[in-house]
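Residue numbers (our numbering), protein chains in the order written: chain A, 1 to 189; chain B, 1 to 189. A virtual CB, placed ideally from N, CA and C, is assigned to each residue, including glycine.
Protein chains: 2
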Amino acid sequence: MGERNLDRRGQLAEGATDYVLEHGIAGLSLRPLAEALGTSDRMLVYYFGNKDALVAEVIERSNDRALAVIGALATQRTPSQAVLALWAAWHDPVVDRCLRVYVQSAALGLLGDEPYLGAARRAHAAWSAGVTDHLRRCGVPSRRAKRIGELVDAALFGLWLDQPVAGDLRTATSVVRDLAETAQRLSSR
Amino acid sequence: MGERNLDRRGQLAEGATDYVLEHGIAGLSLRPLAEALGTSDRMLVYYFGNKDALVAEVIERSNDRALAVIGALATQRTPSQAVLALWAAWHDPVVDRCLRVYVQSAALGLLGDEPYLGAARRAHAAWSAGVTDHLRRCGVPSRRAKRIGELVDAALFGLWLDQPVAGDLRTATSVVRDLAETAQRLSSR
DNA sequence: TCGCATCTGTAGCAGTCACTACATCACCGA
DNA sequence: TCGGTGATGTAGTGACTGCTACAGATGCGA
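Encoded structure:
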């Protein structure tokens, strides 16, 4: 095997992740991807086995990048501020791109298609934990953090997804304020 | 042109909608669809012009079916109950299938790909109005209905999408209770 | 009965897809 | 120097894609 092999594989995986964050994962095809990476479809199959394995790895790497941003969020003084910080993070260029990949994967997995469903499951579990951790760091009581985290995550995600479709940022902002207030109230009752 | 033409076209459009609700819209291809409808890809192109037009029409029809269910929801006595009724409707078999088609369309349209983006936009606008109307009928003040509707819609949608991925119905249910309570409070302050 | 418009079947276009067979290359240990 | 292993290029495979050319069928008005 040798280290050169591992290096090359990881390098291609990172490059493929960049490419997918740019072009989406829905219509991904090996040949244009390979050309963009300066290699051939032949080599992608050689290193990853098949397209599904490559897709699964790319989704995981994409999600890891987004999680790193969430994990590095500054601790806020109140749960309400924590929600506003999350909403801001959702629009971080890195996170935004990664969320696109996630939602495409979840949508393609809705009917049980692999590897999208499995990859989306793993991504969601890690992501949900990341959001809950952030809330906990910002003063949400531990035993309520999961439940509140689910509400916050679902609402922010729904709003985020509606945005390019609905295109109404002002309404979304005031909705997020309502949500932040709700999280605050649920944390301290 | 003649009426037979219109009849046949509408019949094929309805059949295609059934097919897409079953198989998803992501990997839709004309030939298997045509075979399931007892016709040929040749005829689908003849009646709809091209695949994109067919896709747009199917998404619209799918959304119309879901809207009919929301529009027929019984009026509830409180905004909180209205939210719970919506959450139940989200799991109506018809609505559930239609939402799958919508989210696939929205996901595929995230990068601006037509006809998915346009179809998702139109579907979202109609859907959002339907939810807002329902809340209004159930006692949410008119001037607040849109804002509350956006929050409710986004949160329910996010929860719904996470469900097949996360698979935790109990957490979702309690989150919806929190959401219903929130809608109630926002309606009457 | 003729002509025209609507409709439909057959066959095939050019292109793309994931994936593979095969040969060749570079390199490293013996 | 030899053999073996990992890495890579070339050139395909058959299956599938949306779409079309063309001929034929059907039915209706003149």
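Residue i at chain B interface by Cβ criterion, 9 Å
i	result
H91 (chain A)	no
Q184 (chain A)	no
Q104 (chain A)	yes
R9 (chain A)	no
R17 (chain A)	Reading the sequence as shown, one finds Thr at residue 17 (chain A) and not Arg. With 9 Å as the cut-off, T17 (chain A) does not count as an interface residue toward chain B.
L28 (chain A)	no
L54 (chain A)	no
V131 (chain A)	no
G158 (chain A)	yes
L110 (chain A)	yes
L117 (chain A)	yes
Nearest-angstrom Cβ-Cβ length linking residue i and residue j, presumed shorter than 8 Å
i	j	result
V126 (chain B)	N50 (chain B)	First, the residue type needs correcting, since residue 126 (chain B) is Ala and not Val in the sequence shown. Not really, about 24 Å apart at Cβ, beyond 8 Å.
L67 (chain A)	T39 (chain A)	With 8 Å as the limit, L67 (chain A) and T39 (chain A) do not qualify as a contact, their Cβ atoms being about 28 Å apart.
G10 (chain A)	Q104 (chain A)	Contact doesn't hold; Cβ gap of about 23 Å is too wide.
G139 (chain B)	S174 (chain B)	No, G139 (chain B) and S174 (chain B) are not in contact; Cβ-Cβ is about 23 Å, not under 8 Å.
R77 (chain A)	Y47 (chain A)	Not confirmed; about 47 Å, so no contact.
Nearest residue (CA-CA) to residue i, options the options
i	options	result
V94 (chain A)	A:R189, A:V176, A:V20, A:S174	A:V20
A180 (chain B)	B:G130, B:A123, B:Q81, B:R170	B:Q81
R65 (chain A)	A:A53, A:W90, A:D153	A:W90
A107 (chain B)	B:D96, B:A120, B:D168	B:A120
L156 (chain A)	A:L84, A:L186, A:D168	A:L84
R170 (chain B)	A:R189, A:D178, A:V165, A:E150	A:E150
D168 (chain A)	B:L161, B:S128, B:D168	B:S128
Contact with chain A by residue i, beta-carbon distance below 9 Å
i	result
R121 (chain B)	yes
R100 (chain B)	yes
A125 (chain B)	yes
D64 (chain B)	no
V58 (chain B)	no
I148 (chain B)	yes
T171 (chain B)	yes
D153 (chain B)	yes
S142 (chain B)	no
Same chain, Cβ closer than 7 Å to residue i, five either side skipped, listed in chain order
i	result
A172 (chain B)	L159, Q163
L117 (chain A)	G109
G71 (chain B)	G130
R31 (chain A)	D41
W87 (chain A)	L156, V176
H134 (chain A)	I70, L73, A82, L86
Same chain, Cβ closer than 8 Å to residue i, neighbours up to 5 away in sequence not counted
i	result
S29 (chain B)	none
S142 (chain B)	R136
G15 (chain B)	A36, L37
R61 (chain B)	A13, E14, T17
D52 (chain B)	E114, P115
Residues near residue i in its chain [Cβ-Cβ closer than 6 Å; skip 5 each side]
i	result
V55 (chain A)	P115
G2 (chain A)	Low per-residue confidence applies at G2 (chain A): pLDDT is 39, beneath 50, and the placement is therefore not dependable enough to give any value.
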